[in-house]
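Structure record follows, encoded as structure tokens.
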Amino acid sequence: MSDTLTVHRLTAETVTPATFDPFGVVLTPMEDGTPFTAEEAVLDVSNGIPRFYLMHLDDKAPEFVRVTRHLETTQTLMAVGDVEWTIAVAAPGIDAPALDDLRAFRIPPRTAITMRKGTWHAGPFFAEPSMDFVNLELDDTNVTDHHNHRFDDTLGVRVVVDGE
1 MSDTLTVHRL TAETVTPATF DPFGVVLTPM EDGTPFTAEE AVLDVSNGIP RFYLMHLDDK
61 APEFVRVTRH LETTQTLMAV GDVEWTIAVA APGIDAPALD DLRAFRIPPR TAITMRKGTW
121 HAGPFFAEPS MDFVNLELDD TNVTDHHNHR FDDTLGVRVV VDGE
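Oh and the sequence shown: position 109 is 109 in UniProt numbering, straight run, nothing missing.
The following block contains the structure:
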């Protein structure tokens with residue numbers, strides 16, 4: 001990314017159900033037979049054909065100039081393996097998020113997140129050379145429901161996510 005951009009630092013915090021609530025829900029392992037929970041009810045893939053797949057990503061250093069949102073679907077992400085990862089988010093309902101709207105979260109191993117419809121996000125980010133993620137969205141999410149906001153164009157900024 002360009003060195004001419006101003007750096008805005010964002011400190012990642014460990015995700016909890018309470019801190020992530022404005023953006024979605026946190027899912028952790030539960031015993032088989034556990035009754036349906038309110039957290040599971042957030043999932044909404046009703047506006048198309050659900051796509052459940054393993055997503056492979058390479059070289060995702062914790063910095064970005066663009067956030068994305070999906071207005072037609074929730075999105076669920078979980079790392080494959082025993083590895084921590086990070087994501088930056090801003091609440092749904094904001095047309096153009098400001099830097100102060102951004103939060104970053106460390107997602108521990110064996111934890112999934114479901115982002116609400118319209119949640120702005122950048123990532124996942126990780127330290128490993130590559131990672132695989134379970135991803136649940138719609139079959140055409142990245143074609144027809146990929147709405148972006150660029151901090152480099154609007155503010156001349158690149159965001160760097162630091163650990164806690």
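Note that the Cβ used here is the ideal one computed from N, Cα and C, for glycine as well.
Identity of the residue in the options nearest residue i by Cα
{"i": "F151", "options": "S46, G33, R66 and V143", "result": "R66"}
{"i": "V134", "options": "M78, D21, L71 and K60", "result": "M78"}
{"i": "H70", "options": "V89, S130 and A61", "result": "V89"}
{"i": "V83", "options": "P129, T16, D145 and Q75", "result": "P129"}
{"i": "G118", "options": "R110, M131, H146 and P109", "result": "H146"}
{"i": "E63", "options": "I49, R103 and E72", "result": "R103"}
{"i": "L57", "options": "D132, M30, V80 and D139", "result": "D132"}
{"i": "K60", "options": "G163, T86 and T11", "result": "T86"}
{"i": "G48", "options": "H149, D140, G156 and A12", "result": "D140"}
{"i": "N148", "options": "D95, T34, T114 and D21", "result": "D95"}
Host alpha helix (DSSP H) of residue i (start-end)
{"i": "V143", "result": "T141 to T144"}
{"i": "T34", "result": "No alpha helix (DSSP H) contains T34, which DSSP labels as neither H nor E."}
{"i": "L155", "result": "F151 to L155"}
{"i": "A91", "result": "Element bounds for A91: n/a, residue is neither H nor E."}
{"i": "T74", "result": "Careful: T74 lies outside any alpha helix (DSSP H) and carries neither H nor E."}
{"i": "F20", "result": "P17 to F20"}
Between the CA atoms of residue j and residue i - distance to the nearest angstrom
{"i": "D100", "j": "H8", "result": "10 Å"}
{"i": "V25", "j": "A98", "result": "22 Å"}
{"i": "S46", "j": "Q75", "result": "12 Å"}
{"i": "V143", "j": "E137", "result": "12 Å"}
{"i": "E39", "j": "L5", "result": "39 Å"}
{"i": "Y53", "j": "T154", "result": "33 Å"}
{"i": "F125", "j": "I107", "result": "10 Å"}
{"i": "T37", "j": "T68", "result": "28 Å"}
{"i": "D44", "j": "V161", "result": "29 Å"}
{"i": "R51", "j": "D32", "result": "24 Å"}
{"i": "V157", "j": "G123", "result": "17 Å"}
Residues that residue i bridges to, as DSSP identifies them
{"i": "E40", "result": "None; E40 has no bridge partner."}
{"i": "V159", "result": "H8 and F64"}
Continuous beta strand (DSSP E) stretch holding residue i: start and end
{"i": "P50", "result": "P50 to D58"}
{"i": "R103", "result": "R103 to I107"}
{"i": "N135", "result": "S130 to L138"}
{"i": "V25", "result": "G24 to L27"}
{"i": "F125", "result": "W120 to F125"}
{"i": "A12", "result": "T6 to T14"}
{"i": "T68", "result": "R66 to R69"}
{"i": "T114", "result": "A112 to M115"}
Neighbourhood of residue i by C-beta, 7 Å cutoff - its chain only, sequence neighbours within 5 removed
{"i": "R116", "result": "F23, G24, V42, T74 and P92"}
Beta-carbon proximity list for residue i, same chain, < 8 Å, skipping 5 on both sides
{"i": "T111", "result": "V15, V26, L27, T28 and M78"}
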